[in-house]
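Student: To start, I am sharing the structure in question, which I have written as structure tokens.
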Amino acid sequence: GENVEQHPSTLSVQEGDSAVIKCTYSDSASNYFPWYKQELGKRPQLIIDIRSNVGEKKDQRIAVTLNKTAKHFSLHITETQPEDSAVYFCARADRGSTLGRLYFGRGTQLTVWP
Amino acid sequence: DVKVTQSSRYLVKRTGEKVFLECVQDMDHENMFWYRQDPGLGLRLIYFSYDVKMKEKGDIPEGYSVSREKKERFSLILESASTNQTSMYLCASSFSRLRSNQPQHFGDGTRLSIL
Chain R
1 GENVEQHPST LSVQEGDSAV IKCTYSDSAS NYFPWYKQEL GKRPQLIIDI RSNVGEKKDQ
61 RIAVTLNKTA KHFSLHITET QPEDSAVYFC ARADRGSTLG RLYFGRGTQL TVWP
Chain W
1001 DVKVTQSSRY LVKRTGEKVF LECVQDMDHE NMFWYRQDPG LGLRLIYFSY DVKMKEKGDI
1061 PEGYSVSREK KERFSLILES ASTNQTSMYL CASSFSRLRS NQPQHFGDGT RLSIL
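One line per chain: the protein sequences are R and W, in this order.
Residue numbers for the first sequence follow my numbering, so the first one is 1 and each next one is one higher.
Residue numbers for the second sequence follow my numbering, so the first one is 1001 and each next one is one higher.
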């Protein structure tokens, strides 16, 4: 119901390659999907978000895609760099769940090797 | 930029002590949240609040309580600290209780060790 499944839990790529992290959910009332990046010892920071009326959003080397029918959304990072190494969290919010609550995935540790 | 400030980066307490973790935000946000972060378990919601003196239980409220006496300040209280409460605690805030599609803004976290 409420959980967000996030895969993979760890991901290692070579610098310059692409990285893809996928999240799935089951609640069809979900209408907002933010992604957070947490560097070691730092706070989670919002890097991109998408609303349910949009299928794709891009910001330089990062993009998020949403498939409402299949109930999954993905983060795509192209031309990865060592500074992309971090833990990435996906999250979702319910249309009917106000009070600002977000439901988070368990995170993906991305390592980019130079 | 939104500023969410947690009073301590590191804290060491003893079993059985009453522990207070403080969080302040400067953007007049209505919603405030307390999470704990443990390796492999992600961010788990302890309690949240959408207004002064209002609180809602999250997924793991046992052993914790909260206080929101002023809009900008949200306190997490460990009534009688135990070793299994050793963790990283993150505070967050968001703008409005009436909106679902809004991000949360996080503080730097408090790493709490209970000995």
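For glycine and all other residues, C-beta sits at the position ideal for the given N, C-alpha and C.
Between R/S85, R/C90, R/I48 and R/F33, which lies nearest to R/G16 when the distance is taken from Cα to Cα?
Tutor: Checking every option, the nearest Cα to that of R/G16 belongs to R/S85.
Student: Return the bridge partner residues of W/S1049 from the DSSP annotation.
Tutor: BP columns for W/S1049 point to W/M1032.
Student: Could you tell me whether the Cβ of R/P82 comes closer than 9 Å to any Cβ of chain W?
Tutor: False, the Cβ-Cβ gap to chain W never drops below 9 Å.
Student: How far does the beta strand (DSSP E) with W/Y1064 in it extend, from its first residue to its last?
Tutor: Start and end: Y1064 to K1070.
Student: Here's the rule I'm using: 16 or more other beta-carbon atoms within 10 Å means buried, otherwise exposed. How should W/S1080 be labelled?
Tutor: Exposed, because fewer than 16 other Cβ atoms sit within 10 Å of the Cβ of W/S1080.
Student: Looking only at C-alpha atoms, which of W/G1109, W/G1040 and W/D1059 sits nearest to W/Q1006?
Tutor: Considering only alpha carbons, the answer is W/G1109.
Student: Looking at chain W, which residues of the stretch 27–38 of chain R have a Cβ within less than 7 Å of any of its Cβ atoms?
Tutor: Result list: N31, Y32 and P34.
Student: Could you tell me the alpha carbon to alpha carbon distance between R/P82 and R/T111, rounded to whole angstroms?
Tutor: Rounded to whole angstroms, R/P82 to R/T111 spans 7 Å at the Cα level.
Student: Identify the contact partners of R/R106 in chain W, using a Cβ-Cβ distance below 9 Å as the criterion.
Tutor: Ordered by position in chain W, the residues that pass the 9 Å Cβ test against R/R106 are G1040, L1041, G1042 and L1043.
Student: Using DSSP bridges, identify the partner residues of R/A63.
Tutor: Per DSSP, R/K58 and R/H76.
Student: Kindly indicate which residue of R/W113, R/S30 and R/L46 has the alpha-carbon position closest to the one of R/D59.
Tutor: Measuring from the Cα of R/D59, the nearest candidate turns out to be R/L46.
Student: Between R/K68 and the rest of its own chain, which residues show a CB-CB distance below 7 Å, the 5 nearest in sequence each way excluded?
Tutor: Result list for R/K68: S52, in chain order.
Student: Which residue marks the beginning of the beta strand (DSSP E) containing R/L99, and which one marks its end?
Tutor: First-last for R/L99: undefined, no H or E at that position.
Student: Beta-carbon separation of R/A91 and R/P34 under 9 Å?
Tutor: For R/A91 and R/P34, yes; Cβs fall inside 9 Å.
Student: Below 7 Å CB to CB, which residues in the same chain sit around W/S1067 once its five sequence neighbours on both sides are set aside?
Tutor: So the list reads S1075 and I1077, once near-sequence residues are dropped.
Student: From the DSSP output, in three-state form, read off R/N31 for me.
Tutor: Strand, per DSSP.
Student: With C-beta atoms as the reference, is W/S1093 less than 9 Å away from W/Q1037?
Tutor: Against a cut-off of 9 Å, the Cβ pair of W/Q1037 and W/S1093 comes out as no contact.
Student: Could you check what DSSP says for R/Q38 in three-state terms: helix, strand or coil?
Tutor: Here R/Q38 sits in strand by DSSP.
Student: When you compare each of W/G1063, W/L1045 and W/E1069 to W/M1054 by their alpha carbons, which one comes out closest?
Tutor: Here the closest residue by C-alpha is W/E1069.
Student: Measure the C-alpha to C-alpha separation of W/K1013 and R/K71 and round it to an integer number of angstroms.
Tutor: Using only the alpha carbons, I get a separation of about 43 Å.
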